[in-house]
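Structure first, commentary second.
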Amino acid sequence: MNITIVGTGYVGLVTGTTLAELGNSVYCVDVDASKIAKMKNGIVPIYEPGLEEMFLRNIQADRLHFTTELSEAIDKSEVIYLALPTPPGEDGSADLSYVLGVAEQIGSLMTNYKVIVNKSTVPVGTADKVREVLLSKTNSPFDVVSNPEFLREGFAVEDAMNPARVVVGSTSERAKEIMSKIYQPFTNTGIPIIFMDEKSSELTKYAANSFLAVKITFMNEIANYCEKVGADVDHVRLGMGSDDRIGHRFLFPGIGYGGSCFPKDVKALIKSGKNENYDFKILEATEKVNQKQKVILAEEIDDYFDGQLQDLKIAVWGLAFKASTDDIREASSLDNIRIFLERGAKVIAYDTVAEENVRKILGDQIEYAKDMYTALEGADCLLIATEWPEFKNPNFKLMAEKLKNKVIFDGRNMFPLELAEQNGFYYKSIGRKT
Ligand code: UGA
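Each residue of the sequence shown is one higher than the last, beginning at 836 in this note's numbering.
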């Protein structure tokens, strides 16, 4: 099938590449000419394990094409996916101007039946808005479908090729048949495709992300309480997760959730609720708890040094909002670093891949170390903010040599307590004994 993807951001590019991998001819459209030129030359603009290989393979197979010309791509395709940014506005609601702007252009350009697929995370009712815009611009037949994306950064290719489910919101039999054909390689292997109306599909995405944010936050509160009563959250987590109504995933406590999705989607659902005079109290509480959780260790470090952070040197391992990505959006590391800087401490940081992105924001307000051990030289303590695999089994002897004080604050519960203890460290993690 010929498919157009408008928007070659994270979701668009991964979706486009995987749809090409499934045998479709895919036209990726973006207004950013330099990005399109790079991709034509085989350069992948984002870091995502496994993507480059698949991307190059499909360019070579002539299934993946790039253009800045929407008209050219639309002519060739019956199905047009919208994978455009929906940034949060001042009040937290999703800004639909990119989605509706492109819908308007499609409406002006299309001359025969098209299926317009909303892949971006959009508020309930967006399919109707896209439909209205198209109707105002064209007499050609079309259907608007909601098909939310459930990719995790760092596992996007894996998730896109082996999704837990495909959700398709459409009440048109013609569109449903076309979407079934696109996802047939999945349904053939037993992956369910769940059909529903557009609004339910749009809400499914917000509900899923918000639920996961609540799940993590609940566990963070249990972890904080474990510390009060002398319980160990790792045991509690295993005990709870073994009930398959609860499950083991997303029960890992830490220094709060970040990234480009959970914070934005929780905010947007709260805002959509308010528009209907509905207060999502559980989500409001989740946001509040998460904000506090993100900096819980900065405050504990401050306490440890009796409120005297000025002129201390704090080493930070990990800047990305989670491992396997260079994304630093809403990363807890940044909130902690800002507190350290405000209180007069110096920061020296190391991240496996995210340094470049942090430089764009913090510049030389902090120092950057070339590797994890160099970051520790002469530092008063270490904060671990991202669970990169290289931090999992460190050389404690070398750490002790480099650090001024043998003090670790670990926001990701990386080491068994005994290990840090045996090596003579003061080791504070989340929800476990110190
Ligand atoms: C999330 C969802 O997991 C995807 O299903 C969804 O498609 C995506 O948002 C999106 O809307 O595009 P992502 O933001 O890539 O994916 O990252 P997650 O792996 O879900 O992690 C989110 C945050 O929660 C991270 O800060 C992570 O460190 C934190 N987390 C996750 C925990 O603190 N504990 C856990 O047990 C799991």
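Quick reminder that beta carbons are idealized off the backbone N, C-alpha and C, glycines included. Being a predicted model, the structure only gives us computed values, none of them experimental.
Might you give, ordered along the chain, the residues of its own chain that have their beta carbon closer than 7 Å to the beta carbon of Ile881, omitting 5 neighbours on each side? Sequence index remark: in the sequence shown, residue 881 carries index 46 (1-based). Answer for Ile881: Tyr845 and Leu848, listed in chain order.
Considering only their Cβ atoms, is the gap separating Ala1166 from Ala1155 smaller than 9 Å? Locating residue 1155 in the sequence shown gives position 320, where the first residue counts as 1. Locating residue 1166 in the sequence shown gives position 331, where the first residue counts as 1. Yes, these two residues count as a Cβ contact at 9 Å.
When you compare the CB positions of Tyr1203 and Glu1190, do they come within less than 9 Å of one another, or not? On the sequence shown, position 368 is the one that residue 1203 refers to. On the sequence shown, position 355 is the one that residue 1190 refers to. Yes. Within cutoff.
Where His1083 falls, given that 16 or more other Cβ within 10 Å makes a residue buried: Taking the sequence shown and counting its residues from 1, the one referred to as residue 1083 is at position 248. Answer is exposed; the Cβ neighbour count stays below 16.
Check whether the Cβ of Glu984 lies closer than 8 Å to any heavy atom of the ligand UGA, and answer yes or no. Locating residue 984 in the sequence shown gives position 149, where the first residue counts as 1. Result yes, Cβ under 8 Å from the ligand UGA.
Cα-Cα separation, Thr961 to Ala1010: Mapped onto the sequence shown, residue 961 falls at position 126. Mapped onto the sequence shown, residue 1010 falls at position 175. Cα to Cα, Thr961 sits roughly 17 Å from Ala1010.
Give the straight-line distance between the Cα atoms of Lys1016 and Met836, rounded to the nearest whole angstrom. Looking up residue 1016 in the sequence shown gives position 181. Looking up residue 836 in the sequence shown gives position 1. Lys1016 and Met836: Cα-Cα distance of roughly 9 Å.
Between which two residues does the alpha helix (DSSP H) harbouring Val866 extend? Numbered from its first residue, the sequence shown carries residue 866 at position 31. First-last for Val866: undefined, no H or E at that position.
Here's the rule: buried if 16 or more other CB atoms are within 10 angstroms of the residue's CB, otherwise exposed. What is Glu1291? The question about residue 1291 has no answer here: the residues shown for the chain are numbered 836 through 1269.
Exposure of Ile805, with buried meaning 16 or more beta-carbon neighbours within 10 Å: Nothing in the structure corresponds to residue 805, since the chain is present only between 836 and 1269.
Taking buried to mean at least 16 other C-beta atoms within 10 Å of its own C-beta, is Pro922 buried or exposed? Translated into the one-based positions of the sequence shown, residue 922 becomes position 87. Counting Cβ neighbours within 10 Å, Pro922 comes out exposed, since fewer than 16 surround it.
Which parts of the segment 1080-1168 are runs of the alpha helix (DSSP H), unbroken and 4 residues or longer, counting only runs that do not cross its ends? 1097-1110, 1116-1129 and 1131-1139
Along the alpha helix (DSSP H) that carries Lys1195, what are the first and last residues, could you check? By one-based count along the sequence shown, residue 1195 stands at place 360. Segment Glu1190 to Leu1197, the alpha helix (DSSP H) holding Lys1195.
Helix, strand or coil: which one does DSSP assign to Ser860? Taking the first residue of the sequence shown as 1, we reach residue 860 at position 25. If DSSP states are grouped into helix, strand and coil, Ser860 belongs with the strands.
I need the boundaries of the alpha helix (DSSP H) containing Phe1046, first residue and last residue. Your numbering for residue 1046 matches position 211 in the sequence shown. Taken as a continuous stretch (DSSP letters only), the alpha helix (DSSP H) holding Phe1046 covers Glu1033 to Val1064.
Ordered along the chain, which non-local residues of its own chain (more than five positions away) have a Cβ less than 8 Å from that of Lys1050? Here residue 1050 is taken as the residue at index 215 of the sequence shown, counted from 1. Cβ neighbours of Lys1050 beyond the five flanking positions: Phe1085 and Leu1086.
Taking the alpha-carbon positions, what's the Ile1081 to Leu1073 distance? To locate residue 1081, count along the sequence shown from 1; it is residue 246. To locate residue 1073, count along the sequence shown from 1; it is residue 238. If I take the Cα positions, the gap works out to 10 Å.
Rounded to whole angstroms, what's the CA-CA distance from Leu944 to Asp1199? Just pull it up for me. The count along the sequence shown starts at 1 and reaches residue 944 at position 109. The count along the sequence shown starts at 1 and reaches residue 1199 at position 364. Taking the straight line joining both Cα atoms gives about 47 Å.
Would the beta-carbon of Ala1043 be found less than 8 Å away from any heavy atom of the ligand UGA? For the purposes of this step, residue 1043 is identified with residue 208 of the sequence shown, where counting begins at 1. Answer for Ala1043: yes, Cβ within range of the ligand UGA.
Opposing strand residues paired with Gly1004 [DSSP bridges]: One-based indexing of the sequence shown puts residue 1004 at position 169. DSSP lists Ser981 and Met1031 as partners of Gly1004.
Take Glu1144 as the anchor and find which of Arg1178, Glu1037, Glu1122 and Val866 has the nearest alpha-carbon. The residue you call residue 1144 lines up with position 309 of the sequence shown. Glu is not the amino acid found at residue 1144; the sequence shown has Leu there. Nearest C-alpha to Leu1144: Arg1178.
Quick one: grab the DSSP three-state call for Ala1235. Reading the sequence shown from its first residue, position 400 is the one you call residue 1235. If DSSP states are grouped into helix, strand and coil, Ala1235 belongs with the helices.
Return yes when the Cβ of Ala1214 is within less than 9 Å of the Cβ of Ile1149, no when it is not. As a working mapping, residue 1149 is identified with position 314 in the sequence shown. As a working mapping, residue 1214 is identified with position 379 in the sequence shown. The answer is yes: Cβ separation under 9 Å.
Give, in chain order, every unbroken run of the beta strand (DSSP E) that is at least 3 residues long and sits entirely within the segment 930-966. 949-953
Please name the residue in Thr956, Lys954, Glu939 and Pro976 whose C-alpha comes closest to that of Val965. On the sequence shown, residue 965 is found 130 positions in, with the first residue counted as 1. It is Glu939 whose Cα lies nearest to the Cα of Val965.
Report the partner residues of Asn837 according to the DSSP bridge assignment. As a first step, residue 837 is located in the sequence shown; it is residue number 2 there, counting from the start. DSSP output for Asn837 lists Ser860 as bridge partner(s).
For Thr961, verify whether its CB is less than 8 Å away from any heavy atom of the ligand UGA. Counted from its first residue, the sequence shown places residue 961 at position 126. Not under cutoff, so the answer is no.
Beta-carbon proximity of Val934 to Asn953, cut-off 9 Å: In the sequence shown, the residue the question calls residue 934 occupies position 99. In the sequence shown, the residue the question calls residue 953 occupies position 118. Yes, Cβ-Cβ distance for Val934 and Asn953 is below 9 Å.
Along the chain, where does the beta strand (DSSP E) containing Thr1022 start, and where does it finish? Position 187 of the sequence shown holds residue 1022. Segment Gln1019 to Thr1022 is the alpha helix (DSSP H) holding Thr1022; no beta strand (DSSP E) there.
Rank Met889, Ile1174, Ser1036 and Lys1195 by C-alpha distance to the C-alpha of Arg1279 and give the top, closest one. Outside the displayed range of the chain (836 to 1269) lies residue 1279, so it cannot be described from this structure.
Report all residues from its chain with a CB closer than 6 Å to the CB of Lys1034; omit the five preceding and five following residues, and keep chain order. Residue numbering aside, residue 1034 sits at position 199 when the sequence shown is read from its first letter. Here the set comprises Val959.
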